[in-house]
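A short worksheet on the structure shown next.
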Amino acid sequence: MEYQDIIANYGDTPGGIIQAFHAVQKKFSYLPEDAIVEAAKVFKIPVADAYGVATFYSMFSIKARGQNVIRICESAPCHIHGAAEVVAALERELGVPMGESTGDGLFALEFTECVGQCQATPVITINGKPYFDVTPAKIPAILAGYR
Amino acid sequence: MAEEMRIVLRNYGKINPLKIDEYINQGGYKSLEKARSMEQKALIEEIKKSNLRGRGGAGFNCGQKWSFAYQAMSEQKYVICNADEGEPGTYKDRLIMENDPHTLLEGMAICGYAIGANKGYIYLRGEYPHLMDVLNTAIQQAGEKELLKDFAIEVRSGAGAYVCGEETALIESLEGKRGEPRFKPPYPPLEGLWNQPTIVNNVETFANVAVILEKGAEWYASIGAPAYPGTKVFTLTGDVNNKTFFEVPTNTTIRELIFKLGGGIAGGKKFKAVQIGGTSGAFIPEELLDTPVAFDAMSAVGATLGSGAVFVLDESRDLVDVVTRIAGFFEHESCGKCAPCREGTARVCEMMNKVNAGQGSAGDVSLLERLGRVMSYSCLCGLGQAAPAPVLTTIKHFKADYNAKLM
Ligand SMILES: Cc1cc2nc3c(=O)[nH]c(=O)nc-3n(C[C@H](O)[C@H](O)[C@H](O)COP(=O)(O)O)c2cc1C
Ligand code: SF4
Ligand code: FES
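Line by line, the protein sequences are chains F and W.
Residue numbers for the first sequence follow my numbering, so the first one is 129 and each next one is one higher.
Residue numbers for the second sequence follow my numbering, so the first one is 244 and each next one is one higher.
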């Protein structure tokens, strides 16, 4: 489905632009410029406002990024239980620094704040799916599932 | 004392959340039926009498809030469930929704009847995509059995913004805008979603409602601390043996929570500090551990109950480093609408980094204190007002940790 059709599905939902953006990202992993302009048209708001929404929320990206979005929780409970080592291991394994995507377009690395799974710190999520009590040693096996 | 008591988690592990019949077999949806047989005013009176107070952080009397929206004259009113749960270290609302979604729907529908609203929204944080299906399944099943009658519930997903937990920011977000808090008044019960009277309550607040109607306001009011009765769900993180959740009456003390239920400090180490209420909460030293966890008892010692997060640190932890990380959180999450917070959180973060790196002076610490005080009364919303609390309370109770890092 093209982004026009995806956005059109939400056209009748009052305030539905955020839901529409989620749906676009599910397909493209980010919000292409044309999709933001299209959403402005569908929801009858200025393009500037549609950009405002796209850039306000941390889950939305207006920059192209890898298909599988890896987010590492850096909130205090994860921080004290070794989130930094997990970050280092991920950067090593994928060969890119935080905030970047791998050259093959497979992975994007991002920080996040608490994802609400604090019973098993440190936590990472991949496309929203949480992984618990993550250690550097567990990283290769987790990533293998997405390669 | 220090016993668990499950009210909002009463069905935890007992029912299959995806099967409405199991909820109904536990007496589910009887309270909604009862509510609908009552006069709206009498129903609100009953909730008021129970003295149920908001579990989302502000501790406002639930029945009283409902009465404002009931009295407001409007054709269209709304009920919103705040399921944004962004406070680091907190996952209690997730537990409720994962294990007992119908208790939430029932509470919302009772509220809808009480205030005269036929539309409800659940604003679910974007980090809980799996719950979208659980909640929609529950809504569909309740619809098939015609239990919700003319009350329609829709689930909307947030997209990763802590400030959207603030009720007016949440409303802006539901309207499809940037989640920036509104100036108050008007408050949502008079002018909320699309400027119509709106009730915003937390998941845990709604989860109490059906039980209160089932067992009576007096029963509820007699549990825990009289000024903030009932139970509270706590999630324990950090250096505690039992990194899990507990639901306890509100007269339980912090010490009981950490040392009895929590099993004490992990690895045989000594206690250093606990931060309660999430990342904007105060850091509490050993001397104050006998404080009951109830809302007002916590305020009396300069702390907050907040979301019920309990973040425990042992003697080996570097408090200044932890607070520096927290300062980074607020710099990132400030929405930027008002200057004291937009600038203040950035400066606090900058100075905390400097102190943490061993390059700060005593002057920096007193500047942090002054800036923090100014922010606590000049910021527009609770985010900026509470952001300095971890800095201010650690300077107050753990000054030596700062001094050890100064140039
Ligand atoms: C920055 C900020 C974040 C908040 N986050 C939440 C949240 O995640 N969940 C919540 O229920 N309330 C949150 N609140 C409190 C809400 O504004 C509001 O008081 C609450 O939803 C009212 O429901 P209650 O009366 O049932 O507690 C937050 C407040 C502020 C200032
Ligand atoms: S206090 Fe901070 S989060 Fe709240 S409105 Fe001001 S800038 Fe936004
Ligand atoms: S603090 Fe990392 S998941 Fe909650």
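Virtual Cβ for every residue (Gly too), placed ideally from N, Cα, C.
Proximal residues of chain W, C-beta to C-beta of residue i below 9 Å
i                      : result
tyrosine 185 (chain F) : Gly369, Gly401, Ala402, Gly403, Ala404, Cys407, Ser416, Arg421, Gly422
Short CB-CB distance (under 9 Å) between residue i and chain W
i                           : result
proline 111 (chain F)       : Only positions 129 to 275 of chain F appear in the structure, and residue 111 (chain F) is not among them; the question remains open.
serine 175 (chain F)        : A quick correction: the sequence has valine, not serine, at residue 175 (chain F). Not one chain W Cβ lies under 9 Å of valine 175 (chain F).
glycine 180 (chain F)       : yes
phenylalanine 156 (chain F) : no
Opposing strand residues paired with residue i [DSSP bridges]
i                        : result
cysteine 201 (chain F)   : F:Thr240
alanine 516 (chain W)    : W:Leu556
proline 633 (chain W)    : DSSP, once it has assigned bridges, lists no residue as partnering proline 633 (chain W).
valine 483 (chain W)     : W:Ile508
isoleucine 202 (chain W) : What is shown of chain W runs 244 to 650, which leaves residue 202 (chain W) out entirely.
arginine 296 (chain W)   : W:Asn304
alanine 543 (chain W)    : Alanine 543 (chain W) is not bridged to any residue.
glutamate 490 (chain W)  : W:Val476
beta-carbon residue i near ligand 1 non-hydrogen atom, thresh 8 Å
i                        : result
valine 251 (chain F)     : no
glutamate 288 (chain W)  : no
valine 406 (chain W)     : yes
glycine 302 (chain W)    : yes
valine 443 (chain W)     : yes
aspartate 336 (chain W)  : yes
aspartate 539 (chain W)  : no
aspartate 140 (chain F)  : no
asparagine 308 (chain W) : It should be noted that the sequence gives lysine, not asparagine, for residue 308 (chain W). For ligand 1, at least one heavy atom lies less than 8 Å from the Cβ of lysine 308 (chain W).
alanine 629 (chain W)    : yes
arginine 298 (chain W)   : yes
valine 536 (chain W)     : no
leucine 252 (chain W)    : no
Check: residue i C-beta below 8 Å from any heavy atom of ligand 2
i                       : result
glutamate 415 (chain W) : no
glutamate 574 (chain W) : no
threonine 637 (chain W) : no
arginine 585 (chain W)  : yes
proline 331 (chain W)   : no
glutamate 423 (chain W) : yes
lysine 580 (chain W)    : yes
glutamate 166 (chain F) : no
threonine 588 (chain W) : yes
Partners in chain F for residue i, counting only beta-carbon separations shorter than 7 Å
i                           : result
proline 331 (chain W)       : Ser203, Ala204, Pro205, Glu241, Cys242
phenylalanine 526 (chain W) : Correct list: empty, because the minimum Cβ distance to chain F is about 11 Å.
glycine 481 (chain W)       : Pro205, Ile208
threonine 522 (chain W)     : Ser203, Ala204
isoleucine 660 (chain W)    : Coverage of chain W is limited to positions 244 through 650, which leaves residue 660 (chain W) absent and any answer about it impossible.
arginine 337 (chain W)      : Gly244
arginine 296 (chain W)      : Near arginine 296 (chain W) there are no residues of chain F at all, since even the closest Cβ is about 23 Å away, more than 7 Å.
Proximal residues of chain W, C-beta to C-beta of residue i below 7 Å
i                       : result
glutamine 147 (chain F) : Arg399, Ser400
Residue-level contact to chain F via CB, residue i, 9 Å cutoff
i                           : result
phenylalanine 303 (chain W) : no
cysteine 578 (chain W)      : yes
glycine 549 (chain W)       : no
histidine 373 (chain W)     : yes
alanine 552 (chain W)       : yes
leucine 556 (chain W)       : yes
lysine 515 (chain W)        : no
phenylalanine 572 (chain W) : yes
arginine 425 (chain W)      : no
glutamine 319 (chain W)     : no
threonine 487 (chain W)     : yes
histidine 640 (chain W)     : no
tyrosine 334 (chain W)      : yes
glutamine 518 (chain W)     : yes
histidine 345 (chain W)     : no
isoleucine 569 (chain W)    : yes
arginine 560 (chain W)      : yes
glycine 387 (chain W)       : Checking the sequence shown, residue 387 (chain W) turns out to be glutamate, not glycine. Glutamate 387 (chain W) does not count as touching chain F.
Ligand 3 heavy atom lying under 8 Å from the CB of residue i
i                       : result
proline 428 (chain W)   : no
threonine 480 (chain W) : yes
serine 523 (chain W)    : no
serine 203 (chain F)    : yes
valine 243 (chain F)    : yes
cysteine 622 (chain W)  : no
Interface partners of residue i on chain F, CB under 8 Å
i                       : result
threonine 478 (chain W) : Cys246, Gln247
valine 565 (chain W)    : Ala204, His207, Ile208
Chain F residues whose Cβ lies nearer than 9 Å to that of residue i
i                    : result
valine 634 (chain W) : Neighbours of valine 634 (chain W) on chain F: none; closest Cβ ~13 Å, over 9 Å.
Interface flag, residue i vs chain B, CB-CB below 9 Å
i                           : result
phenylalanine 235 (chain F) : This model lacks chain B altogether, as its protein chains are F and W.
Next item on the list: Check each residue of the stretch 204–231 of chain F: if its Cβ is closer than 9 Å to any Cβ of chain W, include it; give the result in chain order.
Entry: Result list: Ala204, Pro205, Cys206, His207, Ile208, His209.
Check: Residues in the stretch 241–261 of chain F with C-beta within 7 Å of chain W's C-beta atoms, listed in sequence order?
Finding: Of all residues in the stretch 241–261 of chain F, the ones placed with a Cβ closer than 7 Å to any Cβ belonging to chain W are Glu241, Cys242, Val243, Gly244, Gln245, Cys246, Gln247, Thr249, Gly256, in chain order.
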